[in-house]
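J.: Residue numbers for the sequence shown follow this note's numbering, so the first one is -17 and each next one is one higher.
Glycine included, C-beta positions come from ideal geometry on N, C-alpha and C.
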Amino acid sequence: MAIGVFDSGVGGLSVHHKLVERFPGADFVYLADQANTPYGGRPGEEIVDLTRAGCERLFAEGCDVVVLACNTAASVALRRLQQTWLPGYRRELGRPVNVIGIIVPTIEAATGLPWEHEAERRGDKVEKLDILGVFSTPATATSRVYEIEIDKRRQDVAVFSEPCPELARMIETNAPREALAAVVADHVQALQRRIGRAPDRAILGCTHYEIVADLFGEALSPGTPVIHQPQATADAMARYFERHPEYDPGHGGTRRFLTTGTPGAQNGLVETFWGSALHFERA
Ligand code: DGL
């Protein structure tokens, strides 16, 4: 059996990278839905259908657990798939399978609280407000998942989201570094204008943005802490597998990379991030 990692494109490789570090002996199948990337500007129902198709493909490859390494899929589709599709699909397959998102671990890392914790609203005076900037796709920003879930848990944290409509596509298409830097800087400035000052911390709430995390680091005020989803997800998956021995991550150390787009190598930006050549097979 294996761990499946799904994204609309190459962004999920940032999560995959940390998962492989954490579970070196496990078997992995990565699926990039590059025929349909980017998801971030698509209507919700399309995102649900595409995400379900991606999960089905990975379960058909023998995965037990699929990690949705995509904020857009996780914020728009995950709950619906868990409620309306997964229970019946498990019965059909006749084995335990699950789909896990990356937003819960990110919110746990941002709040410093376990997911089960929901703050009592006592109306205490907040001495110091911690302003958290979230950079994401338009679909994730529209879902307001970070605002809603963090607000339930921490009254001293205020979330401001900045949708970045073009950034994931630019990363998929190997845009020049100067162009990427200019777009990142524009979004950081736009967020700062809306807040009225620089955020105290930031979340790169689209897995593609980890590939240009250094550009966010340059554009944000020096020293701004950034919550990294790949690390938060790898830590959460280690706890998950301890609690759920029924899911077998495999023991062969195999790595397969599938794409619904053009098979072969990925672009230079992605290979530089990954640190070596990557070969994708046709999904
Ligand atoms: N990497 C994805 C995310 O985390 C998807 C980006 C897109 O397809 O627009 O949101």
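Could you tell me which of G(-14), A14, I(-15) sits nearest to V252, measuring between CA atoms?
T.: The candidate whose alpha carbon is nearest that of V252 is A14.
J.: Using the rule of at least 16 other Cβ atoms within 10 Å of the residue's Cβ for burial, across every protein chain shown, is I130 buried or exposed?
T.: With fewer than 16 Cβ atoms within 10 Å of its Cβ, I130 is classed as exposed.
J.: Within 10 angstroms of its Cβ, does E228 collect 16 or more other Cβ (buried), or is it exposed?
T.: Per the 10 Å Cβ criterion, exposed.
J.: Looking at the strands, I want to know which residues DSSP matches up with I130.
T.: DSSP, once it has assigned bridges, lists no residue as partnering I130.
J.: Quick check: the Cα distance between T122 and V116, rounded to an integer number of angstroms?
T.: One C-alpha to the other measures close to 10 Å.
J.: Over the uninterrupted beta strand (DSSP E) stretch that includes T242, give me the two end residues.
T.: Run containing T242: none; DSSP gives neither H nor E here.
J.: Any chance you could list the beta strand (DSSP E) runs of at least 3 consecutive residues sitting entirely within the stretch 138 to 204, in chain order?
T.: With a minimum length of 3 residues, the continuous beta strand (DSSP E) runs that stay inside the stretch 138 to 204 are 139 to 145, 183 to 186.
J.: Kindly indicate if chain B contains any beta-carbon less than 8 Å away from that of Q64.
T.: The question asks about chain B, but that chain is absent: this structure has only one protein chain.
J.: Taking 8 Å as the cut-off, decide whether the C-beta atoms of P207 and R183 are in contact.
T.: Yes, the Cβ-Cβ distance between P207 and R183 is below 8 Å.
J.: Can you have a look at Q267 and say buried or exposed, based on whether 16 or more other CB atoms are within 10 angstroms of its CB?
T.: Given a span of -17 to 265 for the chain in the structure shown, any question on residue 267 remains unanswerable.
J.: Compute the beta-carbon to beta-carbon distance between T88 and Q211, rounded to the nearest angstrom, for a pair I have assumed lies under 8 Å.
T.: With a Cβ gap of about 5 Å, T88 and Q211 count as contacting.
J.: Can you tell me whether Y12 is helix, strand or coil according to DSSP?
T.: Residue state, collapsed to three classes: strand.
J.: According to DSSP, is L60 part of a helix, a strand, or is it coil?
T.: Three-state DSSP puts L60 in a helix.
J.: Does the beta-carbon distance from I185 to A101 come in below 8 Å?
T.: Against a cut-off of 8 Å, the Cβ pair of A101 and I185 comes out as no contact.
J.: Between the C-alpha atoms of E38 and F239, what's the straight-line distance to the nearest angstrom?
T.: The straight-line gap from Cα to Cα measures roughly 16 Å.
J.: Going by C-alpha distance, which of R4, Q137, T244 is nearest H99?
T.: Nearest option by C-alpha distance: Q137.
J.: Just to confirm, are V49 and V(-3) a CB contact at a threshold of 8 Å?
T.: Against a cut-off of 8 Å, the Cβ pair of V(-3) and V49 comes out as a contact.
J.: Taking buried to mean at least 16 other C-beta atoms within 10 Å of its own C-beta, is Q65 buried or exposed?
T.: So Q65 ends up on the exposed side.
J.: Considering only C-alpha positions, which residue in the set T244, L(-5), P231 is nearest to C45?
T.: Comparing Cα positions, the closest option is P231.
J.: Looking at C-beta atoms only, is the number of pairs between the stretch 220 to 227 and the stretch 147 to 156 that lie closer than 8 Å three or more?
T.: No, because fewer than three Cβ pairs between the stretch 220 to 227 and the stretch 147 to 156 fall closer than 8 Å, the two stretches do not touch.
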